[in-house]
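Worksheet: one structure, shown below.
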Ligand code: MOS
């Protein structure tokens, strides 16, 4: 960590680090109650069609089985019943999937029954005895086939975007037209999705659920079961990674709730690793065509970016694959097109920089190809097309320090010392390559509530209904409060993960710190005001000039209010409260969203990668990574760095390894396990050097941060792919770039 600070330490350690590494942290599958039972799903063996019959006798009579629920005997859920007529009127791609409500099969491995038994093993065995017969319909799980013979989804989300002239690249002095493809990718967090359900009667339930959003989980469960929100309590103390897979309340969770209510006992359901591929979403496969035109001196004249991706036949999912191409560079003529094709697979969802990650792989690879076509350094090419205001909205940026990030990365990796010629750098049998790619991701701020209690002993308790899938939300919020009061982190308790707390934001979209940080900042500042108010007339502070002190006259340090103009005059928070006879100060803060009417806000990153490619075997090793990030002011350096390291791991993974394979004959996943679906492990990841510009954004929120949950992976795959091209002279336009494609 390069960061040094004079007075305020740049970071604190993770406040939940010790419970996590010692195992006392409780995840959603780790709650136990007397009389606990276990739910296991039985799944369809066909990809499309209808169930014509189900034989559940064997399962019902198996030892330890308490219930078998299928569409034939599932109790009606009020929320599903009341909307059934509306849903039937929608086009098929908008009907969604409500578990156990009909006999329609929408994808292979769709849950068709839940078995509840007294042990997990007995539930697994009984589920294996369920037999279904089907009327099979012809299915398609192949995107290429759908593009050839199918129809894309229609609607407002799919209108073409044109700025200036469409397809202007065709008339350019220098032009390229290329196509990139990316496979299905699956989140695969370490923690498998799980929930523990505890009904009190039929109308009140506590759910220990893996989720990135307590409030949506609460309201979607309440809606389905026709309950009041306050009768659904969702608890998520810890999340072991999610990457976007834990926003939805997925069918397996509703199935678990149905099963538990039926038997009237606490129930636990944990997916298997293979179910992680079919039950909780994945990144949609995409094929992208991109064409770039520029003048000989490297000024962009046209970008055309077209993406064809997939969605589920029963649920449209869209993401901003082509959006980055409208805003990353100053280019007068840009047109984009986005189409999604329904396939007979479970529904895709947001994953690791949704949309932008996919799009930036194409755009930033194509920019590299264009830089070679122009015989320009790729950084120089980007600088010649640097956008000083947002070319899409014509609004000024709230802040943009991408230029600074380029420079930091260039200096750190000694970019200019490489030989730009492809296949020119060698070490024995290894070809050496340098590559770069940049990323952009929207920064935003939503609304949030937080309650705060400041006690006479100088401790602060903050409570909000947020969950943390790993970035370290409790840690960064603690750091913010610690800096505002000048009290150590150990005196601050950040309580979260319970829907009974005031509703916090969801965790994701790179917005949690900006959103919740605003609420925490505001509530702490308001407590400071109250503290200052207590002592405004205290003679300790009086001078000839000052007879009443205002908060802005004070510094808040080491548990004391100190007069800025004469630091010998001070009073501790404890004394101030004691003198006033006040045991505690309690506040509830609701901080509003920032609609950003006059500005556009983005975080930026630039990734530099060095690879070694074995000239005979095609083995690729990433040997160095430098990511330079403009995410506004860095709230907590250590967790921020760790987050960007995580993005680099994901980036290496998606470029070199990750690939979901479907056997299209059956519409079933082939590599739905960790042996066959490869992800980067320690040996695949070199030292990742993270640099932050660390300049505050003055507009988005009072803490100056932007967001960094996703921007660390946006453009990363292009950096690796570009480095492989530089090493080998071979441009592979299909992820993952495995050895076989390089020999
Ligand atoms: Mo993220 S894809 O916002 O979890």
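Numbering (this note's numbering), first residue to last: -16 to 726.
For every residue, glycine included, the Cβ atom is placed at its ideal position computed from N, Cα and C.
The region 629 to 646 contacting the region 570 to 580, beta-carbon criterion three pairs below 8 Å: no
From the DSSP output, in three-state form, read off residue 627 for me. On the chain shown, residue 627 is found 644 positions in, with the first residue counted as 1. Looking at residue 627 - three-state DSSP - the assignment turns out to be helix.
Roughly how many whole angstroms lie between the Cα atoms of residue -14 and residue 619? Here residue -14 refers to the residue found at position 3 when the chain shown is read from its first residue. Here residue 619 refers to the residue found at position 636 when the chain shown is read from its first residue. Caution applies to residue -14, whose pLDDT of 47 falls short of 50 and renders its modelled position unreliable; the value that the coordinates give is listed next. One C-alpha to the other measures close to 11 Å.
Relative to the alpha-carbon of residue 282, which residue among 357, 545 and 105 has its alpha-carbon at the smallest distance? Numbered from its first residue, the chain shown carries residue 282 at position 299. Checked all of 357, 545 and 105; the closest Cα to residue 282 is 357.
On the premise that residue 88 lies in contact with residue 29, defined as a C-beta separation below 8 Å, what is that separation, rounded to the nearest angstrom? The residue labelled residue 29 in the question sits at position 46 within the chain shown. The residue labelled residue 88 in the question sits at position 105 within the chain shown. Correct: roughly 6 Å between the Cβ atoms.
Please classify residue 254: is it buried, with 16 or more other beta-carbons within 10 angstroms of its beta-carbon, or exposed? The residue given as residue 254 occupies position 271 in the chain shown. By the 10 Å Cβ count, residue 254 comes out buried.
Burial state of residue 571 (16 or more Cβ within 10 Å): The residue labelled residue 571 in the question sits at position 588 within the chain shown. It counts as exposed.
Length at least 3, wholly inside the region 465 to 535: the beta strand (DSSP E) runs in chain order: 475 to 478
C-beta contact flag for residue 217 and residue 482 at 7 Å: Here residue 217 refers to the residue found at position 234 of the chain shown. Here residue 482 refers to the residue found at position 499 of the chain shown. It is a contact, given that the beta carbons lie within the stated cut-off.
How about residue 492: is its Cβ closer than 6 Å to a heavy atom in the ligand SAH? For the structure depicted, the ligand SAH is absent and the ligand set comprises only the ligand MOS.
Best match in 696, 680 and 537 for proximity to residue 492 [C-alpha to C-alpha]: Here residue 492 is taken as the residue at index 509 of the chain shown, counted from 1. Residue 696 is the option with its Cα nearest to residue 492.
Quick check on the DSSP output: the beta strand (DSSP E) that includes residue 553 runs from which residue to which? Position 570 of the chain shown, counted from the start, is the residue given in the question as residue 553. 553 to 555 is the span of the beta strand (DSSP E), which, as asked, contains residue 553.
Under a three-way DSSP split, which group does residue 351 fall into? Within the chain shown, numbered from 1, the residue matching residue 351 stands at position 368. Helix at residue 351.
If you draw a straight line from the C-alpha of residue 219 to the C-alpha of residue 421, how long is it? By one-based count along the chain shown, residue 219 stands at place 236. By one-based count along the chain shown, residue 421 stands at place 438. The alpha-carbon atoms of residue 219 and residue 421 are separated by roughly 34 Å.
Quick check on DSSP: helix, strand or coil for residue 27? For the purposes of this step, residue 27 is taken as residue 44 along the chain shown, with counting starting at 1. Note: residue 27 maps to coil in three-state DSSP.
Quick one: what does DSSP say residue 63 is sitting in, helix, strand or coil? The residue given as residue 63 occupies position 80 in the chain shown. In this structure, residue 63 counts as helix in the three-state DSSP scheme.
Residues near residue 644 by beta carbon distance below 6 Å, same chain, minus five either side: The residue labelled residue 644 in the question sits at position 661 within the chain shown. Closer than 6 Å at the Cβ level, and outside the excluded window around residue 644, lie 653 and 654.
Nearer than 6 Å: is that true of the beta carbon of residue 227 relative to any heavy atom of the ligand MOS? Within the chain shown, the letter at position 244 stands for residue 227. At least one heavy atom of the ligand MOS is nearer than 6 Å to the Cβ of residue 227, so yes.
Kindly identify the DSSP beta-bridge partner or partners of residue 52. Taking the chain shown and counting its residues from 1, the one referred to as residue 52 is at position 69. For residue 52, which the question treats as bridged, DSSP gives the partners 97.
Determine the extent of the beta strand (DSSP E) in which residue 446 is found, giving its start and end residues. Here residue 446 corresponds to residue number 463 of the chain shown, with the count starting at 1. Here the beta strand (DSSP E) through residue 446 covers 443 to 446.
Within a Cβ cutoff of 6 Å, which residues of the same chain sit near residue 647, ignoring the five residues on either side of it in sequence? Stepping through the chain shown from its first residue, residue 647 is reached at position 664. Answer for residue 647: 124 and 125, listed in chain order.
Grab the span of the beta strand (DSSP E) containing residue 381 for me, first residue to last. Counting from one through the chain shown, the residue named residue 381 turns up at place 398. Unbroken run through residue 381: none, as it is neither H nor E.
Under 7 Å between C-beta atoms of residue 388 and residue 589: Taking the chain shown and counting its residues from 1, the one referred to as residue 388 is at position 405. Taking the chain shown and counting its residues from 1, the one referred to as residue 589 is at position 606. Result yes, Cβ atoms of residue 388 and residue 589 sit closer than 7 Å.
Sorry if obvious, but does the Cβ on residue 331 come closer than 6 Å to a heavy atom of the ligand MOS? Against the chain shown, residue 331 aligns to sequence position 348. Incorrect: residue 331 has no Cβ contact closer than 6 Å to the ligand MOS.
Go ahead and label residue 658 buried or exposed: buried means 16 or more other beta carbons lie within 10 angstroms of its beta carbon, across all protein chains shown. Here residue 658 is taken as the residue at index 675 of the chain shown, counted from 1. By the 10 Å Cβ count, residue 658 comes out exposed.
Go ahead and pull the three-state DSSP assignment for residue 369. The residue you call residue 369 lines up with position 386 of the chain shown. DSSP places residue 369 in strand when its eight states are reduced to three.
Is residue 349 closer than 7 Å to residue 275 when the C-beta atoms are compared? As a first step, residue 275 must be located in the chain shown, where it is residue number 292. As a first step, residue 349 must be located in the chain shown, where it is residue number 366. Going by C-beta atoms, residue 275 is nearer than 7 Å to residue 349.
For residue 467 and residue 438, what's the separation of their Cα atoms in angstroms? By one-based count along the chain shown, residue 467 stands at place 484. By one-based count along the chain shown, residue 438 stands at place 455. Their Cα atoms are separated by approximately 15 Å.
Enumerated in chain order, which unbroken segments of the alpha helix (DSSP H) with a length of 4 residues or greater are wholly contained in the region 548 to 589? 556 to 562
Using three-state DSSP, classify residue 7 as helix, strand or coil. Residue numbering aside, residue 7 sits at position 24 when the chain shown is read from its first letter. Coil at residue 7, not helix or strand.
Going by Cα to Cα distance, which pick from 73, 706 and 567 is closest to residue 415? The residue you call residue 415 lines up with position 432 of the chain shown. Checked all of 73, 706 and 567; the closest Cα to residue 415 is 706.
Using the three-state DSSP reduction, which class does residue 291 fall into: helix, strand or coil? What you label residue 291 is simply residue 308 of the chain shown in a count that begins at 1. Strand.
Other residues of its chain near residue 524: CB distance less than 6 Å, five sequence neighbours each side excluded: In the chain shown, counting from the first residue as 1, residue 524 sits at position 541. The answer, listed in chain order, is 532, 546 and 552.
Can you name the start and end residues of the alpha helix (DSSP H) that residue 181 belongs to? For the purposes of this step, residue 181 is identified with residue 198 of the chain shown, where counting begins at 1. Element bounds for residue 181: not the alpha helix (DSSP H) but the beta strand (DSSP E), 177 to 183.
Rank 712, 673 and 191 by C-alpha distance to the C-alpha of residue 11 and give the top, closest one. Here residue 11 refers to the residue found at position 28 when the chain shown is read from its first residue. Nearest of 712, 673 and 191 to residue 11, Cα basis: 191.
Please tell me whether residue 597 and residue 413 are closer than 7 Å, where the distance is taken between their beta carbons. As a position in the chain shown, residue 597 is number 614, starting the count at 1. As a position in the chain shown, residue 413 is number 430, starting the count at 1. Yes.
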